[in-house]
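Undergrad:
Protein chains: 2
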Amino acid sequence: MNESILKNFERHISLDASEIEYVQSLLLSKKVKKNTVLLQTGDISRYIYFVEKGCLRMYNTDDKGVQHIVTFAPEGWWSVDLSSFYTGGPAFYTIDALEDTEVLFLSNESVELLYEKVPKFERFFRIFFANGLVLYQRRMTALISQSAEERYFQFQKRYPGLEQRIAQKHIASYLGITPVFLSMLRKRL
Amino acid sequence: MNESILKNFERHISLDASEIEYVQSLLLSKKVKKNTVLLQTGDISRYIYFVEKGCLRMYNTDDKGVQHIVTFAPEGWWSVDLSSFYTGGPAFYTIDALEDTEVLFLSNESVELLYEKVPKFERFFRIFFANGLVLYQRRMTALISQSAEERYFQFQKRYPGLEQRIAQKHIASYLGITPVFLSMLRKRL
DNA sequence: CGAAAATTTGACATGACTCAACTGGAGTGG
DNA sequence: CCACTCCAGTTGAGTCATGTCAAATTTTCG
Chain A
67 MNESILKNFE RHISLDASEI EYVQSLLLSK KVKKNTVLLQ TGDISRYIYF VEKGCLRMYN
127 TDDKGVQHIV TFAPEGWWSV DLSSFYTGGP AFYTIDALED TEVLFLSNES VELLYEKVPK
187 FERFFRIFFA NGLVLYQRRM TALISQSAEE RYFQFQKRYP GLEQRIAQKH IASYLGITPV
247 FLSMLRKRL
Chain B
67 MNESILKNFE RHISLDASEI EYVQSLLLSK KVKKNTVLLQ TGDISRYIYF VEKGCLRMYN
127 TDDKGVQHIV TFAPEGWWSV DLSSFYTGGP AFYTIDALED TEVLFLSNES VELLYEKVPK
187 FERFFRIFFA NGLVLYQRRM TALISQSAEE RYFQFQKRYP GLEQRIAQKH IASYLGITPV
247 FLSMLRKRL
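These protein sequence lines are chains A and B, in that order. For the first sequence, our numbering begins at 67 and goes up steadily by one. For the second sequence, our numbering begins at 67 and goes up steadily by one.
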């Protein structure tokens with residue numbers, strides 16, 4: 067069990083049997099129904115989630131009440147409000163489930179323990195965060211240099227098959243356009 | 067000498083005398099004139115730069131030849147095309163100097179050596195990348211939820227005093243708008 | 001089956017872009 | 001030190017991408 071997350075770790079580091087056992091002793095798991103909120107804006111993010119099955123989204127709600135999705139996390143992706151997780155301050159984002167979802171997760175303290183007992187995890191998360199940084203940098207560049215249509219195609223590539231699983235309004239929210247406009251775009255194709 | 071970068075390291079880790087000496091033995095430095103290109107899109111990013119004085123920018127040029135600035139790096143900031151730096155692939159961004167600039171920098175190999183000899187640096191860069199990730203996440207959210215005017219105010223807060231030092235067209239490029247439109251915005255205030 | 005939510009469609013509004021002309025420094029060379 | 005050029009910034013007119021609002025239609029799900 068937990069193969070998926072171990073595979074994920076092994077993308078950047080290799081673990082021996084005892085290390086695997088140790089991580090597994092820290093891992094928690096949970097099944098949540100669609101629409102369950104795992105983290106609410108303003109609360110403190112104590113956990114970092116890994117999605118085994120289903121799909122999470124992380125979003126912020128602006129002054130006018132409009133939601134803006136920062137990331138989807140389908141199978142094999144992680145989700146966390148990093149700033150809150152590390153500083154203990156209030157979360158900027160909300161995380162909830164777009165489908166019935168199974169997550170593995172680690173508490174803040176567990177992650178600190180991991181860094182201490184298995185320093186390789188410093189390396190894992192260094193690489194992991196570096197990759198995340200690159201991802202967001204690119205998406206930011208896309209937002210300021212590409213049209214909504216181009217970004218829509220990129221979304222389809224980045225999350226293959228996800229389009230069929232979630233509501234269009236969520237895709238629009240991720241792309242930074244209105245659901246109405248996305249509908250028009252799709253009609254044109 | 068090199069106090070500024072040591073202070074930067076000590077925001078996340080503490081170093082003893084021998085460790086400091088070791089880092090310093092790896093550090094390179096360079097003074098470059100305004101407009102000097104430190105990294106060209108398509109080349110391989112071999113170095114990570116820390117700005118002691120002056121200001122760098124990192125940008126991508128789109129199909130139509132328009133430049134889009136991802137980050138400014140004034141004193142105390144870092145600049146690197148992370149993806150290229152770690153994978154050895156071609157750089158997506160170009161880095162050049164907006165003013166006469168003094169940089170300290172580390173080569174790819176030096177950074178790997180650092181990870182090996184002073185594992186604390188894994189930690190430093192983990193935290194550093196996590197912070198960067200948060201920054202880009204927030205800016206992305208701002209891009210899809212705020213007007214150009216609001217983003218302009220945020221820029222002024224994030225880079226105090228920088229506005230007086232660089233050309234307006236660069237600010238526009240950072241904000242994701244045209245220089246012409248920024249000019250109109252400023253007139254309205 | 002029926003209610004609520006998501007999507008589509010159409011008319012109109014607007015933020016931001018394009019193009020082009022004009023203004024005003026900043027640097028250069030004679 | 002002047003004259004010239006060149007680039008940055010401004011201004012205005014017209015345009016386009018995307019947004020807003022509201023009604024009609026389809027889908028979802030209890």
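No residue lacks a Cβ here, since even glycine has one placed at the ideal position from N, Cα and C.
Is the CB-CB distance between residue 167 of chain A and residue 105 of chain A below 8 Å?
TA: Numbered from its first residue, the first sequence carries residue 167 of chain A at position 101. Numbered from its first residue, the first sequence carries residue 105 of chain A at position 39. Result no, Cβ atoms of residue 167 of chain A and residue 105 of chain A do not sit closer than 8 Å.
Undergrad: At a threshold of 7 Å, does residue 193 of chain B count as lining the ligand HEM (C-beta to nearest heavy atom)?
TA: With respect to small molecules bound, the structure shown includes none, and the ligand HEM cannot be examined in it.
Undergrad: Put residue 163 of chain A into one of helix, strand or coil per three-state DSSP.
TA: As a position in the first sequence, residue 163 of chain A is number 97, starting the count at 1. Strand.
Undergrad: What are the boundary residues of the alpha helix (DSSP H) that residue 97 of chain A is part of?
TA: Working through the first sequence from its first residue, we reach residue 97 of chain A at position 31. Residue 97 of chain A -> not in any alpha helix (DSSP H); beta strand (DSSP E) instead, spanning 94 to 98.
Undergrad: Are residue 140 of chain B and residue 228 of chain B touching if we call contact CB-CB under 8 Å?
TA: Along the second sequence, one-based indexing puts residue 140 of chain B at 74. Along the second sequence, one-based indexing puts residue 228 of chain B at 162. Cβ atoms of residue 140 of chain B and residue 228 of chain B: closer than 8 Å.
Undergrad: Looking at chain A, is there any beta carbon in it that lies within less than 8 Å of the beta carbon of residue 126 of chain B?
TA: Here residue 126 of chain B refers to the residue found at position 60 when the second sequence is read from its first residue. Yes, its Cβ sits closer than 8 Å to a Cβ of chain A.
Undergrad: Taking the beta carbon of residue 238 of chain B as the centre, do at least 16 other beta carbons fall within 10 Å, making it buried, or is it exposed?
TA: Taking the first residue of the second sequence as 1, we reach residue 238 of chain B at position 172. Counting Cβ neighbours within 10 Å, residue 238 of chain B comes out buried, since at least 16 surround it.
Undergrad: Here's the rule I'm using: 16 or more other beta-carbon atoms within 10 Å means buried, otherwise exposed. How should residue 216 of chain A be labelled?
TA: Numbered from its first residue, the first sequence carries residue 216 of chain A at position 150. So residue 216 of chain A counts as exposed.
Undergrad: In the DSSP assignment, what residue or residues form a beta bridge with residue 253 of chain A?
TA: For this step, residue 253 of chain A is matched to residue 187 along the first sequence. The partner list for residue 253 of chain A (beta bridge, DSSP) is empty, contrary to what the question assumes.
Undergrad: Can you give me the C-alpha to C-alpha distance between residue 200 of chain B and residue 191 of chain B, rounded to a whole angstrom?
TA: Within the second sequence, the letter at position 134 stands for residue 200 of chain B. Within the second sequence, the letter at position 125 stands for residue 191 of chain B. Straight-line Cα distance between these residues: approximately 14 Å.
Undergrad: Can you have a look at residue 20 of chain B and say buried or exposed, based on whether 16 or more other CB atoms are within 10 angstroms of its CB?
TA: The question about residue 20 of chain B has no answer here: the residues shown for chain B are numbered 67 through 255.
Undergrad: Check each candidate in B:193, B:245 and B:240 and name the one with the smallest Cα separation from residue 135 of chain B.
TA: Residue numbering aside, residue 135 of chain B sits at position 69 when the second sequence is read from its first letter. Looking at the Cα atoms, B:240 is the closest of the given residues.
Undergrad: Assuming residue 170 of chain A contacts residue 95 of chain A under a Cβ cut-off of 8 Å, what Cβ separation, rounded to an integer in Å, is found between them?
TA: As a working mapping, residue 170 of chain A is identified with position 104 in the first sequence. As a working mapping, residue 95 of chain A is identified with position 29 in the first sequence. About 5 Å; that satisfies the 8 Å criterion.
Undergrad: For the beta strand (DSSP E) containing residue 153 of chain B, name the first residue and the last one.
TA: The residue given as residue 153 of chain B occupies position 87 in the second sequence. No beta strand (DSSP E) holds residue 153 of chain B; the alpha helix (DSSP H) holding it covers 148 to 153.
Undergrad: Are the CB atoms of residue 209 of chain A and residue 210 of chain B nearer to each other than 8 Å?
TA: On the first sequence, residue 209 of chain A is found 143 positions in, with the first residue counted as 1. On the second sequence, residue 210 of chain B is found 144 positions in, with the first residue counted as 1. Yes.
Undergrad: From residue 88 of chain B to residue 114 of chain B, what does the alpha carbon distance come to, in whole angstroms?
TA: Position 22 of the second sequence, counted from the start, is the residue given in the question as residue 88 of chain B. Position 48 of the second sequence, counted from the start, is the residue given in the question as residue 114 of chain B. Inter-residue distance for residue 88 of chain B and residue 114 of chain B is about 17 Å (C-alpha atoms, whole angstroms).
Undergrad: 8 Å is my cut-off, CB to CB: does residue 188 of chain A come that close to chain B?
TA: Position 122 of the first sequence, counting from 1, holds the residue named residue 188 of chain A. Taking Cβ atoms only, chain B reaches closer than 8 Å to residue 188 of chain A, which makes this a yes.
Undergrad: Using a Cβ-Cβ cutoff of less than 6 Å, which residues in the same chain neighbour residue 116 of chain A once the five nearest sequence positions on both sides are dropped?
TA: On the first sequence, residue 116 of chain A is found 50 positions in, with the first residue counted as 1. The residues are 71, 144 and 170.
Undergrad: Please classify residue 150 of chain A as buried or exposed, where buried requires at least 16 other C-beta atoms within 10 Å of its C-beta.
TA: Counting from 1 along the first sequence, the entry for residue 150 of chain A is found at position 84. By the 10 Å Cβ count, residue 150 of chain A comes out buried.
Undergrad: Apart from the five residues just before and just after residue 93 of chain A, which ones in its own chain have a Cβ nearer than 6 Å to its Cβ?
TA: As a position in the first sequence, residue 93 of chain A is number 27, starting the count at 1. Closer than 6 Å at Cβ, skipping near neighbours: 170.
Undergrad: Does any C-beta atom of chain B lie closer than 8 Å to the C-beta of residue 210 of chain A?
TA: Here residue 210 of chain A corresponds to residue number 144 of the first sequence, with the count starting at 1. Cβ-Cβ to chain B under 8 Å: yes for residue 210 of chain A.
Undergrad: Closest to residue 154 of chain A by CA distance: which of A:205, A:68 and A:107 is it?
TA: Within the first sequence, the letter at position 88 stands for residue 154 of chain A. Considering only alpha carbons, the answer is A:107.
Undergrad: From the DSSP output, read off the bridge partner residues of residue 169 of chain A.
TA: One-based indexing of the first sequence puts residue 169 of chain A at position 103. Paired residue(s): A:96 and A:117.
Undergrad: State yes or no: is the beta carbon of residue 199 of chain A nearer than 8 Å to at least one beta carbon in chain B?
TA: If you number the first sequence from 1, residue 199 of chain A lands on position 133. Yes, residue 199 of chain A lies at the interface with chain B (some Cβ there is under 8 Å from its Cβ).
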